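Residue numbers (this note's numbering): 78 to 557. Note that CB positions come from ideal geometry on N, CA and C, so glycine has one too. Being a predicted model, the structure only gives us computed values, none of them experimental. Reviewing the structure listed below.
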Ligand SMILES: Cc1cc2nc3c(=O)[nH]c(=O)nc-3n(C[C@H](O)[C@H](O)[C@H](O)COP(=O)(O)OP(=O)(O)OC[C@H]3O[C@@H](n4cnc5c(N)ncnc54)[C@H](O)[C@@H]3O)c2cc1C
């Protein structure tokens, strides 16, 4: 039974119902900061028990667009005066070799066209740990967040004469519902049920079949690389290093059959990255990699032995098979919960070591010296890429919309997901702030603009991933 609440009037004064936000991730929190700065009440519902409930370990690269979006919110009138400075101080600025590609087997730097331009401010690559970004965005919002609130959908109050809604309630997994809100913004990531309900099932997230392993090792393991952002690649032309053994090393007997198809799957698929809507930069990506690792060695931290750097390994379908049956939606590893289970550390670490046993010592140290307990599998997903129509159109609801991965989940190629998510937050935050709270037309204007850049980013990320990891999502590919 739903709890009954006294309705409060929906107006655009300070007594208005709060804007309800589902999920306390990056986009939700930045949106909340924008609304807070404009003195608009908010209520955030987060599934996790606390901010540190899951590992927050990986590092985000920030583009010009992403940084501009964050700056526009954190420097907006009404924002905490030191908000931007605090954020900027937490960002690492990596110079050095820039984005260098290293052949995993020879340890030598090679030319590989990635089409990924990473330099943003001052010619440097700007990065920040996801956990740090989240904690900084969260500052001052602590009292507005309700933890352990698993949002499963929403309910509109259609109780006036012309049948337009006067308020919206978030629905929770325990059968209760929230007090009325003036709007509901779904920012709860790739499994968003708000997105499913709002779009009538049009928003889909496909399982690309590709998998990743996230790991971290003490800074000493990265000494051979020097400062910079590195892509370490083993190209598909190289014979796989006994991948059936590798699968077995993951502690999964059933993995063997799929793990032997590695080289066949990972052929030269770059030509396939020519879809009309894919951006031209993606089309120049050339070599499909059997395995690749991206890591970031920052000058500020590289000599501190007490610190660790993270790395992310990505492989085409069939190379990394998770112990829990790779394609079952019920057992999927949430890509945003890279450390969600303490049991996946050691199997993931064993598989990473097995797959890289032929690698050159210059780069193998990253894997050999990893903290096994921190390793985690993750599933590479992409929303609505198969059709290349990007973010689909659904009947607009003036009181409900979606932001971030909930509306455009991307592959890791290009480092676009968080950058696009914060653009959503800044855009929607400004539209709501400019009107002083809920008003007709806000979600429509937001969705119209977001669909353009959101679709372009999904297409770009998909085309890059298709070229780099050999993924091929079709209309009938499994969804999560
Ligand atoms: C290893 C890795 C590396 C990445 N690197 C980059 C990069 O370099 N650059 C980049 O731009 N992007 C990168 N990304 C992508 C980026 O992390 C995501 O795109 C970004 O976090 C999306 O933000 P969001 O606010 O939409 O969702 P999230 O930050 O994932 O937040 C969603 C929140 O909702 C909560 N939640 C989930 N379900 C519910 C529910 N039912 N009810 C309530 N709360 C719920 C979750 O617990 C979470 O707190 C990377 C991702 C991974 C996994």
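Quiz prompt | C-beta contact flag for residue 483 and residue 150 at 8 Å | solution = For residue 483 and residue 150, no; Cβs fall outside 8 Å.
Quiz item: How would you label residue 186, buried or exposed, when you count the other beta carbons within 10 angstroms and need 16 or more for buried?
Solution: When all chains shown are included, residue 186 counts as exposed.
Exercise. State yes or no: is the C-beta of residue 526 nearer than 7 Å to some heavy atom of ligand 1?
Key: Flag unset: Cβ of residue 526 not near ligand 1.
Quiz item: Do you know whose CA, among 125, 380 and 439, lies nearest residue 223's CA?
Solution: For residue 223, the nearest C-alpha among the options comes from 125.
Quiz item: Any contact of the stretch 212-231 with the stretch 246-262, i.e. 3+ C-beta pairs under 8 Å?
Solution: Touching, yes, given that three or more Cβ pairs across the two stretches are closer than 8 Å.
Quiz item: Does the pairing of the stretch 444-459 with the stretch 282-298 give three or more beta-carbon distances under 8 Å?
Solution: Result yes; three or more Cβ-Cβ pairs closer than 8 Å.
Exercise. Taking all protein chains shown into account, decide if residue 529 is buried (16 or more other Cβ within 10 angstroms of its Cβ) or exposed.
Key: Exposed, since its Cβ has fewer than 16 Cβ neighbours within 10 Å.
Self-check item: Proximity test, residue 135 beta-carbon vs ligand 1 heavy atom, cut-off 7 Å
Solution: Relative to ligand 1, the nearest heavy atom lies less than 7 Å away from the CB of residue 135.
Exercise. Excluding the 5 residues preceding and the 5 following residue 93 in the sequence, name in chain order all residues of the same chain whose CB lies nearer than 6 Å to its CB.
Key: Around residue 93: 259 and 514.
Quiz item: What do you get for residue 380, buried or exposed, if any count of 16 or more other CB atoms within 10 angstroms of its CB means buried?
Solution: Per the 10 Å Cβ criterion, exposed.
Quiz item: To which residues of the same chain is residue 368 closer than 8 Å at the C-beta, ignoring the five residues directly before and after it?
Solution: So the qualifying residues of the chain are 181, 310, 311, 390, 391, 392, 396, 432 and 433.
Quiz item: So does residue 101 have its beta carbon nearer than 7 Å to some heavy atom of ligand 1?
Solution: For ligand 1, at least one heavy atom lies less than 7 Å from the Cβ of residue 101.
Self-check item: Local conformation of residue 399 per DSSP, three classes
Solution: Correct three-state label for residue 399: coil.
Self-check item: residue 300 classed as buried or exposed, judged by whether at least 16 other C-beta atoms fall within 10 angstroms
Solution: Here residue 300 is exposed, its C-beta having fewer than 16 other C-beta atoms within 10 Å.
Self-check item: Residue from 549, 155, 273 and 240 with nearest C-alpha to residue 480
Solution: Measuring from the Cα of residue 480, the nearest candidate turns out to be 273.
Self-check item: residue 270 CB to nearest heavy atom of ligand 1 below 7 Å
Solution: Relative to ligand 1, the nearest heavy atom lies less than 7 Å away from the CB of residue 270.
Quiz item: Taking all protein chains shown into account, do 16 or more other C-beta atoms lie within 10 angstroms of the C-beta of residue 538, making it buried, or fewer, making it exposed?
Solution: So residue 538 ends up on the buried side.
Exercise. Take every Cβ of the stretch 438-450, pair it with every Cβ of the stretch 516-533, and state whether three or more of those distances are shorter than 8 Å.
Key: With the cut-off at 8 Å, the stretch 438-450 and the stretch 516-533 do not touch.
Quiz item: residue 543 to residue 154, Cα distance in whole Å?
Solution: Spanning the alpha carbons of residue 543 and residue 154 requires a straight line of approximately 42 Å.
Quiz item: Cβ-heavy atom distance between residue 142 and ligand 1 below 7 Å?
Solution: Relative to ligand 1, residue 142 has its C-beta separated by 7 Å or more from all heavy atoms.
Quiz item: According to DSSP, which residues form a beta bridge with residue 295?
Solution: DSSP output for residue 295 lists 385 as bridge partner(s).
Practice problem: List the residues that DSSP assigns as beta-bridge partners of residue 258. | Solution: Paired residue(s): 245.
Quiz item: Which residues in the same chain as residue 242 place their Cβ atom closer than 7 Å to its Cβ, once the five residues preceding and following it in sequence are excluded?
Solution: These residues qualify, in order along the chain: 233, 234, 235 and 476.
Practice problem: Would you list the one or two residues that DSSP bridges to residue 122? | Solution: Note: residue 122 sits in a beta bridge opposite 99 and 223.
Quiz prompt | Close beta carbons around residue 504, own chain, < 7 Å, minus the five adjacent residues each side | solution = Spatial neighbours of residue 504 in its own chain (CB-CB distance under 7 Å, excluding positions within 5 residues in sequence) are listed in chain order as 523, 526 and 527.
Exercise. Count the other C-beta atoms from every protein chain shown that fall within 10 angstroms of the C-beta of residue 470, then say buried if there are 16 or more, exposed otherwise.
Key: Under this definition residue 470 is an exposed residue.
Self-check item: Local conformation of residue 547 per DSSP, three classes
Solution: Reduced to three states, the DSSP call for residue 547 is coil.
Self-check item: Same chain only: Cβ atoms within 6 Å of residue 371, ignoring 5 sequence neighbours per side
Solution: Excluding positions up to five away in sequence, the list reads 308 and 389.
Self-check item: Backbone CA spacing between residue 217 and residue 205 [nearest angstrom]
Solution: Straight-line Cα distance between these residues: approximately 20 Å.
Exercise. Pick helix, strand or coil for residue 211, following the three-state DSSP scheme.
Key: Reduced to three states, the DSSP call for residue 211 is helix.
Practice problem: Measure the alpha-carbon distance for residue 467 versus residue 382 and round it to whole angstroms. | Solution: Cα to Cα, the separation comes out at about 44 Å.
Exercise. Along the beta strand (DSSP E) that carries residue 178, what are the first and last residues, could you check?
Key: Counted as a single uninterrupted DSSP element, the beta strand (DSSP E) harbouring residue 178 occupies residues 176-180.
Self-check item: Check: residue 422 C-beta below 7 Å from any heavy atom of ligand 1
Solution: Not so, every heavy atom of ligand 1 lies at least 7 Å from the Cβ.
Quiz item: When the Cα of residue 485 is compared with those of 498, 492, 445 and 507, which residue comes out closest?
Solution: Of 498, 492, 445 and 507, the residue nearest in Cα terms is 498.
Quiz item: Hey, would you say residue 545 sits closer than 8 Å to residue 366, going by beta carbons?
Solution: Yes, these two residues count as a Cβ contact at 8 Å.
Quiz prompt | Three-state secondary structure assigned by DSSP to residue 270 | solution = Residue 270 sits in a helix when the DSSP states are folded into three classes.
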